[in-house]
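Per the working numbering, the very first residue in the sequence shown carries number 7; after that it's consecutive. Note sheet for the following structure.
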Amino acid sequence: MSRPVALITGASRGIGRAIAEELLGTHRVLAGASSAESLEPLLAEHPEVEPFVADVADERRLADAVAAAGLERLDVLVHSAGVADQRRFEEFTREDWRRSFEVNLFGVADLTARLLPALQAAHGDVVFINSGSGHFSYPTGSVYSGTKFALLTLADCLREEQREHGVRVTSIHPGFVATDMGYAIRDAANRAGGADTFVTPGDIAAAVRTAVDLPRNAQVETVVVRPMRKA
Numbered sequence: 007m008s009r010p011v012a013l014i015t016g017a018s019r020g021i022g023r024a025i026a027e028e029l030l031g032t033h034r035v036l037a038g039a040s041s042a043e044s045l046e047p048l049l050a051e052h053p054e055v056e057p058f059v060a061d062v063a064d065e066r067r068l069a070d071a072v073a074a075a076g077l078e079r080l081d082v083l084v085h086s087a088g089v090a091d092q093r094r095f096e097e098f099t100r101e102d103w104r105r106s107f108e109v110n111l112f113g114v115a116d117l118t119a120r121l122l123p124a125l126q127a128a129h130g131d132v133v134f135i136n137s138g139s140g141h142f143s144y145p146t147g148s149v150y151s152g153t154k155f156a157l158l159t160l161a162d163c164l165r166e167e168q169r170e171h172g173v174r175v176t177s178i179h180p181g182f183v184a185t186d187m188g189y190a191i192r193d194a195a196n197r198a199g200g201a202d203t204f205v206t207p208g209d210i211a212a213a214v215r216t217a218v219d220l221p222r223n224a225q226v227e228t229v230v231v232r233p234m235r236k237a
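As structure tokens, then:
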């Protein structure tokens, strides 16, 4: 029997890489990133991983990558790619807004739509790595939180539409994560705290594993993952 297939975007580092490594033991893993070079460390350590090179903000490259992958069935799609532009509202231009929404929302929606037939064929799982910023905002977070609130709405709608097709949809909302992006968001939000006030990429990967492994008669809809100790 062939192994289930998982595609993880943003898999070159941080949360995405941790998810790819978590699923490797049970799945055929396609690791998504915007460049082949950024995937080299992961592929060197795990040569069984298959690269899926596409910039989610580039519609043509994304379409070409999906066509090249030729996936008739897809058991797990994890959206972990994202950007977190942190500035005060008046400093953003229209192009800044557009750039963040292209990566954090439009590209996510496009990739999901292109892979939906394969997900339906497998009765698969779609997992959106959202953020605490998808539930609340803060100074300098207008653009980032805007994309994440929109992503939550997309996930909620997609979940209801796909129930009849057996496709499950999960939103995972981490607190501050010990990654470069997580530290930048923490600093922008003007929050202090030591290492024990962060969750790890592995913690988020474990949450994804829980959602994917749940018996098919149930689904994890929304999960908030935060450290035990608050900043």
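Think of the CB as a built atom: it goes at the ideal place given N, C-alpha and C, for glycine as much as any other residue.
In terms of residue numbering, what span does the beta strand (DSSP E) encompassing Arg34 cover?
Position 28 of the sequence shown, counted from the start, is the residue given in the question as residue 34. 34-39 is the span of the beta strand (DSSP E), which, as asked, contains Arg34.
Could you tell me the distance, in whole angstroms, from the CA atom of His141 to the CA atom of Arg169?
Residue 141 sits at position 135 when you count from the first residue of the sequence shown. Residue 169 sits at position 163 when you count from the first residue of the sequence shown. One C-alpha to the other measures close to 24 angstroms.
Could you name the residues that DSSP lists as bridge partners for Val59?
Indexing the sequence shown from 1 puts residue 59 at position 53. Ala39, per the DSSP bridge assignment.
If the criterion is Cβ atoms closer than 8 angstroms, does the pair Val11 and Arg79 meet it?
Sequence index remark: in the sequence shown, residue 11 carries index 5 (1-based). Sequence index remark: in the sequence shown, residue 79 carries index 73 (1-based). Closer than 8 angstroms, so yes.
What are the boundary residues of the beta strand (DSSP E) that Leu30 is part of?
On the sequence shown, residue 30 is found 24 positions in, with the first residue counted as 1. That residue, Leu30, is in no beta strand (DSSP E); it is neither H nor E in DSSP.
Please name the residue or residues paired with Thr228 in a DSSP beta bridge.
As a working mapping, residue 228 is identified with position 222 in the sequence shown. Ser177, per the DSSP bridge assignment.
Establish whether the CB of Pro10 and some CB of chain B are separated by less than 8 angstroms.
Of the protein chains in this structure there is only one, and it is not chain B.
Any contact between the stretch 62-76 and the stretch 104-116? By contact I mean 3 or more CB pairs, one from each, below 8 angstroms.
Touching, yes.
Per DSSP, which one or two residues make a beta bridge with Asp131?
Residue mapping note: residue 131 aligns to position 125 of the sequence shown, counting from 1. Paired residue(s): Val82, Arg174.
Using the Cα positions of Ala42 and Val59, report the straight-line distance between them to the nearest angstrom.
By 1-based counting over the sequence shown, the position of residue 42 is 36. By 1-based counting over the sequence shown, the position of residue 59 is 53. Cα to Cα, Ala42 sits roughly 6 angstroms from Val59.
Count the C-beta pairs between the stretch 85-105 and the stretch 120-138 that are closer than 8 angstroms, then say yes if the count reaches three, no if not.
Contact holds: three or more Cβ-Cβ distances are below 8 angstroms.
Of the choices Ser18, Glu96, Gly16, Gly22, whose alpha-carbon is the least far from that of Pro145?
To locate residue 145, count along the sequence shown from 1; it is residue 139. Among Ser18, Glu96, Gly16, Gly22, the Cα nearest to that of Pro145 belongs to Glu96.
At what residues does the alpha helix (DSSP H) containing Ala71 begin and finish?
Counted from its first residue, the sequence shown places residue 71 at position 65. Segment 65-75, the alpha helix (DSSP H) holding Ala71.
Counting pairs of beta carbons, one from the stretch 149-161 and one from the stretch 206-221, are three or more of them closer than 8 angstroms?
Touching, no.
For the beta strand (DSSP E) containing Ala12, name the first residue and the last one.
Taking the first residue of the sequence shown as 1, we reach residue 12 at position 6. Looking at the DSSP string, the run of the beta strand (DSSP E) that includes Ala12 is 11-14.
Can the beta-carbon of His171 be found less than 8 angstroms from the beta-carbon of Gly138?
Residue 171 sits at position 165 when you count from the first residue of the sequence shown. Residue 138 sits at position 132 when you count from the first residue of the sequence shown. Result no, Cβ atoms of His171 and Gly138 do not sit closer than 8 angstroms.
When you compare only the Cα positions, how much space is there between Glu28 and Trp103?
Position 22 of the sequence shown holds residue 28. Position 97 of the sequence shown holds residue 103. Cα to Cα, the separation comes out at about 33 angstroms.
Looking only at its own chain, which residues have a Cβ that is under 6 angstroms from the Cβ of Ala127, when we skip the five neighbours before and after it?
Locating residue 127 in the sequence shown gives position 121, counting from the first residue. Cβ within range, chain order: Arg79.
Can you tell which of Thr206, Val173, Asp64, Thr153 has the C-alpha that lies nearest to the C-alpha of Pro123?
Residue mapping note: residue 123 aligns to position 117 of the sequence shown, counting from 1. Answer by Cα proximity: Val173.
Indicate the three-state DSSP secondary structure (helix, strand or coil) for Asp91 in the structure shown.
For the purposes of this step, residue 91 is taken as residue 85 along the sequence shown, with counting starting at 1. Three-state result, Asp91: coil.
Would you mind sorting Thr153 into buried or exposed? The rule is 16 or more other CB atoms within 10 Å of its CB.
One-based indexing of the sequence shown puts residue 153 at position 147. Under this definition Thr153 is a buried residue.
Where does the unbroken alpha helix (DSSP H) through Phe142 begin, and where does it stop?
Within the sequence shown, numbered from 1, the residue matching residue 142 stands at position 136. Counting along the chain, Phe142 falls outside any alpha helix (DSSP H), and DSSP gives it neither H nor E.
Compare the Cα-Cα distances from Arg232 to each of Gly20, Arg23, Asp209, Ala26 and report the closest residue.
Start at 1 with the first residue of the sequence shown, and residue 232 comes out as number 226. The shortest C-alpha separation from Arg232 is found at Asp209.
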